[in-house]
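Just so we're aligned: 389 in numbering that gives the first Met the number 0 is position 390 of the sequence shown, and the numbers increase by one with no gaps anywhere. Cβ atoms here follow ideal geometry from the backbone N, Cα and C, with glycine treated the same way.
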Amino acid sequence: MARFTLPRDLFYGKGSLSELKNLVGKKAIVVTGGGSMRRSGFLQKTEDYLKEAGMEVTLFEGVEPDPSVETVMKGAKAMMDFEPDWIVSIGGGSPIDAAKAMWAFYEYPDTTFEALCTPFNFPKLRTKAKFCAIPSTSGTATEVTAFSVITDYAKGIKYPLADFEITPDVAIVDPDLVETLPPKQVAYTGMDALTHAIEAFVSTLNSPFTDPLAIKAIEMVFDYLPESYRGDMHAREQMHYAQCLAGQAFSNALLGIVHSMAHKTGAAFSTGHIPHGCANAMYLPYVIKYNAKDSVASSRYAEIAKRVGLSGLSEKSLINALIEKIECFNAQLGIPKTMKDFGVEEAEFKAKLKDIAANAVGDACTGSNPRQITPEQMEQLFTCIYYGTEVDF
C-alpha cells in the first residue's frame with residue numbers, strides 16, 4: 000500500500016492571499032523571515048486579512064535563511080505563550096520550514112529534536128493548531144510538502160524532517176509575492192524545482208499519481224525559467240505554479256541523492272555557504288550520469304528527455320541531451336559547474352570528504368534514489384563534482 004497526501008485546500012492565482020480572511024479561528028501566529036515580506040507590504044496584508052477573519056494576531060519575525068534548531072525552539076516558545084489555533088507562515092522556504100518544526104514542539108513540548116529527525120516519526124499534530132503556508136519564492140514547495148529542513152550549525156549539517164503530519168492544511172500560491180524576486184534567487188529556486196521534479200520522477204517510489212505532476216513541472220520549468228530569470232512576469236507566475244506541482248510530486252514520491260548531497264554540503268565549508276538550489280543545480284548532471292547506470296532510471300531519464308522535446312537515437316543519447324540542456328540552463332543562470340568553481344577550498348574539501356560522503360549516504364533522501372550508493376562511491380561522486388571529471392563508475 001502507498002499513500003498520497005496533499006494540503007486540504009490550495010488557493011492559487013493573483014490576489015489569492017485574500018483567502019486568509021476566510022480562515023476560521025480565534026488566534027493566529029504569523030511566522031516570517033528577515034523583512035522582505037514586511038517591506039513589500041505582504042506581511043501587513045496577512046495580518047489585516049487574519050484580523051478581518053476575526054482573529055487575534057501575533058508575529059514571529061526574523062527566521063534566518065537555513066533556519067537553526069535554536070530559532071525553532073524560540074518560535075515554539077512564542078507559540079506556547081500565545082496559544083494560537085492557526086500557524087500562518089509567509090516567506091521563503093526557511094520560515095515555512097521553521098514554522099513546521101515549531102508546530103511540532105508547540106503541540107508536544109516534551110519531544111526532542113533527535114526524535115523528530117527520524118523520518119516519518121512525528122506525533123499526531125493538529126491537537127492545538129492548523130497550518131497555513133504562503134510561499135514567496137518559487138522553488139522549495141514546502142507549502143505542499145511533508146518536509147522541513149533545519150540546520151544544526153554546531154554539527155555543520157542539515158536535517159530533512161519528513162512526515163505527512165507537517166503537510167500544511169492550507170497552501171496559498173499567490174504569484175504577486177514573487178514579482179520582485181532578485182534574478183539569482185529566481186535561478187536557484189527554479190533549479191531546485193527542476194531537481195525536485197526530476198528526482199521524483201526517477202525515485203523508487205514514483206507512481207501513477209506523482210508522475211503526471213513531476214513531468215508537467217519539468218516541462219514548465221524548461222519552458223518558463225529563462226524568461227522568469229529575465230523578469231517576465233507571466234513566466235514568473237508559471238514558475239510559481241511549476242514549483243508547486245513539483246512539490247506535490249516529491250512530497251509523495253520522495254527524492255534522491257542530489258538532495259542528500261546538497262543537505263550535507265550546504266553548511267559544511269568555511270569558505271562559503273552553498274545555497275540549496277545552487278547545490279542541486281551543480282550536482283544534478285553528475286547524479287544523472289551516476290543513476291543512469293541503472294536500467295530503470297535510464298529509461299525514465301530518457302522519457303523525460305523525450306517529453307521536453309529532446310532528440311536522440313538511443314537512451315544514452317537522450318540522457319546526454321538532457322544533461323546538456325541542464326548544463327546549458329546552469330550556464331545561462333550563472334551557476335558554477337563544479338564545487339571548485341563555486342569557491343570551496345581544495346584542502347578543506349579533501350579533509351571533510353569522507354565525513355560528508357558518509358553523512359550523505361545516511362540522509363533520508365538516499366533511500367528512494369534509483370541506484371544504490373556506498374560511502375566509497377559517494378566519495379567518488381563528490382570528487383567528480385569538485386573537479387568536474389567524468390562519472391564513469
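- Counting the other CB atoms within 10 Å of its CB gives residue 331 a total below 16, which places it among the exposed residues.
- Counting C-beta atoms within 10 angstroms of its own C-beta, residue 31 has 16 or more neighbours from the protein chains shown and is therefore classed as buried.
- About 25 angstroms separates the beta carbon of residue 85 from that of residue 138, a gap too long to meet the 8 angstroms contact definition.
- For the pair residue 260 and residue 338, the CB atoms are not nearer than the 8 angstroms cut-off.
- In its chain, beyond the 5 residues on either side, 4 and 145 have a beta carbon closer than 6 angstroms to the beta carbon of residue 163.
- Setting aside the 5 residues that flank it on each side, residue 87 is surrounded in the same chain by 27, 29 and 131, each with a C-beta closer than 6 angstroms to its C-beta; the list follows chain order.
- Under the DSSP assignment, residue 276 falls in the alpha helix (DSSP H) whose first and last residues are 275 to 290.
- In this structure, the alpha-carbon of residue 316 lies about 10 angstroms from that of residue 322.
- Residue 268 and residue 373 have their alpha carbons spaced roughly 22 angstroms apart.
- Contact between the segment 113 to 131 and the segment 51 to 62 is absent, with fewer than three C-beta pairs closer than 8 angstroms.
- The residues 378, in chain order, have a CB closer than 7 angstroms to that of residue 353 in the same chain once the five nearest residues on each side in sequence are set aside.
- Taking the Cα positions, residue 202 is about 19 angstroms away from residue 241.
- Per DSSP, the continuous alpha helix (DSSP H) segment holding residue 302 begins and ends at 294 to 306.
- Straight-line measurement puts the Cα of residue 329 at about 26 angstroms from the Cα of residue 358.
- For residue 94, no beta strand (DSSP E) encloses it; the enclosing alpha helix (DSSP H) starts and ends at 92 to 106.
- Annotation for residue 372: no alpha helix (DSSP H) segment contains it, and DSSP assigns it neither H nor E.
- By the CB criterion at 8 angstroms, residue 136 and residue 188 fall inside the cutoff.
- 8 angstroms or more divides the Cβ of residue 119 from the Cβ of residue 110.
- Fully enclosed alpha helix (DSSP H) runs of no fewer than 4 residues occupy 232 to 252 and 256 to 264 of the segment 220 to 280, in order along the chain.
- Apart from sequence neighbours up to five positions away, the residues of its chain that approach residue 390 with a beta-carbon distance below 6 angstroms are 285, 288, 289 and 383, ordered along the chain.
- Under the three-state reduction of DSSP, residue 392 is assigned to coil, being neither helix nor strand.
- Beta-bridge partners of residue 86 (DSSP): 28 and 130.
- In this structure, the straight-line span from the alpha carbon of residue 340 to that of residue 356 is close to 20 angstroms.
- Closest option to residue 61, judged by alpha-carbon separation, among 34, 43 and 100: 34.
- Put simply, the backbone Cα of residue 343 is about 43 angstroms away from that of residue 128.
- Closest option to residue 381, judged by alpha-carbon separation, among 72, 349 and 270: 349.
- Rounded to whole angstroms, the gap between the alpha carbons of residue 94 and residue 320 is 37 angstroms.
- Annotation: residue 48 is outside any beta strand (DSSP E); the continuous alpha helix (DSSP H) that includes it extends over 41 to 51.
- Taken atom to atom, the span from the alpha-carbon of residue 207 to that of residue 346 is near 46 angstroms.
- The segment 214 to 221 and the segment 161 to 181 do not touch, with fewer than 3 CB-CB distances between them shorter than 8 angstroms.
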